[in-house]
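Notes for the one structure printed next.
Protein chains: 2
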Amino acid sequence: MKRTTIQDVAQAAGVSITTVSRVINNNYPVKASTRKKVEEAVDTLKFKPNLLARSLIQNSTKTVGILTPSIENLFFSEVIKGVDSILKEKGYTTFLCHTEGEATNEVEVIHSLVDRRVDGMVVLDPRKENVVSGYFEELAKRVPLLLVNGYAQGTGCSYVLNDGEGGARMALKYLITEGCKRIVFLRGKKSHSYDIKEEVYLEFMKAHGMESRILRIKDGNDIKTVEQAKEAVADYIRSGEKPDALLACNDWMAVGALSGAKSEGLLVPKDMRIIGFDNTIISMITEPKLSTVDQQMTKLGQLAGNRIYKMMTTKDIENQKTYLETRLMIRES
Amino acid sequence: MKRTTIQDVAQAAGVSITTVSRVINNNYPVKASTRKKVEEAVDTLKFKPNLLARSLIQNSTKTVGILTPSIENLFFSEVIKGVDSILKEKGYTTFLCHTEGEATNEVEVIHSLVDRRVDGMVVLDPRKENVVSGYFEELAKRVPLLLVNGYAQGTGCSYVLNDGEGGARMALKYLITEGCKRIVFLRGKKSHSYDIKEEVYLEFMKAHGMESRILRIKDGNDIKTVEQAKEAVADYIRSGEKPDALLACNDWMAVGALSGAKSEGLLVPKDMRIIGFDNTIISMITEPKLSTVDQQMTKLGQLAGNRIYKMMTTKDIENQKTYLETRLMIRES
DNA sequence: TTGTACGCGTTATCAC
DNA sequence: GTGATAACGCGTACAA
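Taken in sequence, the protein lines are chains A and B.
Under the numbering used here, the first sequence has 49 at position 22, and the numbering climbs by one with no breaks.
Under the numbering used here, the second sequence has 96 at position 69, and the numbering climbs by one with no breaks.
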């Protein structure tokens with residue numbers, strides 16, 4: 028399975044490899060007749076330049092790695108599509124890798140990408156361990172690196188972030204104006220975005236002299252989220268509590284909460300209001316349709332795409348943090 | 028940002044690059060003391076071999092490309108995770124690329140991967156155009172290629188496939204034994220898997236002397252599927268029809284169908300039974316829970332992972348087609 | 001306008 | 001055990 032090289036083309040066209048290279052890259056003047064000969068040879072031999080060799084000498088692979096904790100979460104899918112669309116347009120190929128939300132996997136995958144000399148990396152929802160340990164900060168010195176959402180306190184990295192804080196506050200304010208008094212907060216175990224929202228929630232409830240109540244489920248991103256959220260909410264209601272509103276950290280949880288409330292005979296939104304987070308498609312297929320905080324996922328992705336591009340093409344190393352505002356989508360819950 | 032090379036390490040350790048290479052790859056005897064010197068130099072210089080250079084000479088990147096039409100479809104996510112888990116274990120890095128279901132994108136992405144010298148490729152639900160045009164058959168001669176599901180008639184390619192045919196037949200048989208008489212079939216526009224199921228449906232209905240009725244919606248994979256399916260089913264019922272069962276080509280459609288039936292006042296499963304396809308998580312979050320045909324997605328992915336591995340490591344070029352059986356999951360619909 | 005020769009960072013080959 | 005040196009396939013000064 029010997030592949031044809033630039034040598035073969037040169038020989039077939041009766042010119043030197045230099046000339047072939049020039050025709051292919053179209054970066055130096057070549058006589059029209061020569062160019063034609065070369066192009067013909069390229070066609071008949073179906074020559075495709077070996078990008079490994081090219082990358083080796085140019086020190087650039089025109090490749091960007093995208094890391095995500097999960098490919099089952101529609102939130103990430105949308106963001107990824109946003110990043111992708113921008114980078115593709117700029118002539119980059121993107122490779123998607125998933126880490127199952129494990130910090131060790133994250134490091135491992137990153138090493139693999141670095142070893143393969145990607146030109147840059149975008150990490151969605153980076154693991155907090157790797158942020159606080161200074162791993163990313165160190166990494167950012169050696170390769171263009173952009174983090175999207177996730178823990179961002181005092182780190183020397185570039186970020187593009189959703190304003191989850193603002194979103195949570197907006198949702199809570201809305202619930203208050205609607206007359207809700209007993210607002211419950213539903214979150215997964217470990218994610219910085221959950222922490223942020225919880226903080227806002229606690230502070231908000233305290234400021235309004237209301238009692239706070241937090242329900243916790245295991246993960247939050249994986250397949251079991253819905254079932255776990257349902258259980259948690261149903262249990263809570265069964266225990267005699269009478270919540271009149273619930274704020275969930277993402278739409279999967281909200282779906283589960285809805286299901287749990289229904290199963291215990293509560294009517295949504297009459298008895299209990301529910302607001303989710305992300306505005307993914309699933310918030311629209313439930314009955315009633317879920318109100319949610321729109322995080323503008325596509326836009327977030329595009330923002331990230333443009334930013335990493337700038338980082339790769341200029342020497343812009345200053346670590347900038349860009350926040351994207353959120354919007355409240357009131358539907359039927 | 029000059030990276031440290033094997034040269035630097037050799038110099039620091041006072042040995043030749045050959046020796047350094049031997050220590051790193053651990054493939055030739057090296058005196059213990061020398062090895063130690065080299066390892067220290069590697070550590071202090073934080074040397075990481077350039078995989079591009081290595082791949083160039085070894086003619087292998089230890090990399091596999093996975094193509095999917097969509098990263099929003101939970102069916103594909105599961106399959107991908109299956110493939111991934113196997114290949115990772117074998118020491119390969121996988122790169123995921125998505126094509127938005129466009130045949131032209133598919134070709135483009137494949138070229139990019141080939142140019143980057145991936146050792147193999149797994150294509151989920153390949154576009155029919157590229158199958159019938161012989162594109163894949165041609166490609167398979169130059170690089171280990173495995174297709175998963177999709178049109179497989181008379182092509183010289185290796186396949187791993189779900190037995191959608193058997194699954195559809197199983198579901199229909201079940202509905203009959205449950206006494207259903209007016210069974211409707213719901214499908215999306217273009218996908219070979221839909222075609223297969225439709226064929227079985229038509230043949231089955233004819234054999235049982237029942238009238239067939241097919242509802243068609245636009246795409247089937249994208250975000251609008253649920254809404255479109257709901258509309259289609261609601262319209263159908265409003266037109267005066269009284270279906271007592273519906274077989275949908277995937278779970279998204281089944282969710283929409285359920286919603287449509289409900290909106291027209293039909294009770295599921297009392298008035299009308301619904302069976303979906305795939306057994307994705309969403310089939311479990313509806314009320315009632317959806318019955319569906321389990322396609323064993325993870326297992327399918329693992330099968331694919333093992334198969335492409337064999338193709339890459341041996342010269343096993345015979346194009347084999349492996350079918351994975353489906354199972355009927357009866358829940359509440 | 002074209003060609004020669006070197007270098008990118010590794011591993012493979014063959015001496016010693 | 002170890003070290004020169006030639007590959008791998010391509011881009012690009014430099015020379016012609």
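Where a beta carbon is used, it is the ideal one built from N, C-alpha and C, also for glycine.
Bear in mind that the values here come from a model prediction, so they are computed numbers and not experimental data.
Do residue j and residue i count as a contact pair if the criterion is CB distance below 8 Å?
| i | j | result |
| --- | --- | --- |
| V65 of chain B | V42 of chain B | yes |
| R325 of chain A | G177 of chain A | Arg is not the amino acid found at residue 325 of chain A; the sequence shown has Thr there. Contact: no. |
| A259 of chain A | L213 of chain A | yes |
| D146 of chain A | V175 of chain A | no |
| L79 of chain B | L83 of chain A | yes |
| K75 of chain B | V141 of chain A | yes |
| I98 of chain B | I107 of chain A | yes |
| Q323 of chain B | L351 of chain B | yes |
| L166 of chain A | I302 of chain A | no |
| P96 of chain B | T131 of chain B | no |
| S218 of chain A | E314 of chain B | no |
| K89 of chain B | T120 of chain B | yes |
| T353 of chain B | M197 of chain B | yes |
| S257 of chain A | G283 of chain A | Per the sequence shown, the amino acid found at residue 257 of chain A is Lys instead of Ser. Cβ atoms of K257 of chain A and G283 of chain A: closer than 8 Å. |
| S160 of chain B | M338 of chain B | no |
| T192 of chain B | I241 of chain B | What sits at residue 192 of chain B in the sequence shown is Glu, not Thr. Cβ atoms of E192 of chain B and I241 of chain B: not closer than 8 Å. |
In angstroms, rounded to a whole number, what distance separates the CA positions of residue i and residue j?
| i | j | result |
| --- | --- | --- |
| G267 of chain B | T319 of chain B | 27 Å |
| G118 of chain B | S139 of chain A | 11 Å |
| T69 of chain B | V36 of chain B | Correcting the residue identity first, residue 69 of chain B is Val in this sequence and not Thr. C-alpha separation (whole angstroms): 6 Å. |
| W279 of chain A | I308 of chain B | 11 Å |
| E105 of chain B | F304 of chain B | 14 Å |
| V158 of chain A | E345 of chain A | 17 Å |
| K216 of chain B | T252 of chain B | 11 Å |
| I93 of chain A | T61 of chain A | 42 Å |
| Y228 of chain A | T204 of chain B | 53 Å |
| L199 of chain B | K289 of chain B | 22 Å |
| S360 of chain A | E291 of chain B | 21 Å |
| V150 of chain B | L173 of chain B | 6 Å |
| R143 of chain B | E225 of chain B | 39 Å |
| V187 of chain A | S87 of chain A | 24 Å |
| C207 of chain A | E238 of chain A | 12 Å |
| R209 of chain A | F231 of chain A | 13 Å |
| V50 of chain B | A40 of chain B | 12 Å |
What residues are listed by DSSP as bridge partners for residue i?
| i | result |
| --- | --- |
| A195 of chain B | Bridge partners of A195 of chain B: none, in fact. |
| H125 of chain A | A:T95 |
| S318 of chain A | A:I302 |
| R169 of chain B | BP columns for R169 of chain B are empty, so no partner. |
| A288 of chain B | None; A288 of chain B has no bridge partner. |
| S185 of chain A | A:L173 |
| F212 of chain A | A:I241 and A:L274 |
| G147 of chain B | B:V91 |
| K348 of chain B | B:Y186 |
| L355 of chain A | A:V320 |
| T120 of chain A | A:T90 |
Figure out for me which residue from the options has the closest Cα to the Cα of residue i.
| i | options | result |
| --- | --- | --- |
| R154 of chain A | A:K73, A:Q329, A:L79 and A:S220 | A:S220 |
| Q190 of chain B | B:N100, B:T349 and B:I241 | For clarity, residue 190 of chain B is Asp in the given sequence; the question names Gln instead. Nearest C-alpha to D190 of chain B: B:T349. |
| L274 of chain A | A:N52, A:A179, A:G194 and A:V149 | A:G194 |
| I113 of chain A | A:K58, A:L166, A:Q347 and A:Y336 | A:Y336 |
| L317 of chain A | A:E238, A:A281, A:D146 and A:I107 | A:A281 |
| P296 of chain B | B:A167, B:P76, B:I357 and B:D222 | B:I357 |
| D249 of chain A | A:E238, A:F103, A:L188 and A:V141 | A:F103 |
| D246 of chain B | B:Y186, B:I302 and B:Q255 | B:Q255 |
| T340 of chain A | A:V170, A:A284 and A:V50 | A:V170 |
| V211 of chain B | B:I264, B:N100, B:G161 and B:T182 | B:I264 |
| S310 of chain A | A:N77, A:N100, A:I244 and A:D298 | A:N100 |
| E67 of chain B | B:Q38, B:N77, B:I244 and B:T45 | B:Q38 |
Within 10 angstroms of the Cβ of residue i, are there 16 or more other Cβ atoms? Answer buried if so, exposed if not.
| i | result |
| --- | --- |
| R334 of chain B | buried |
| L294 of chain A | exposed |
| A261 of chain A | buried |
| Y55 of chain A | exposed |
| P270 of chain A | buried |
| N277 of chain A | buried |
| T182 of chain A | buried |
| A179 of chain B | buried |
| T71 of chain B | exposed |
| G128 of chain B | buried |
| E133 of chain A | buried |
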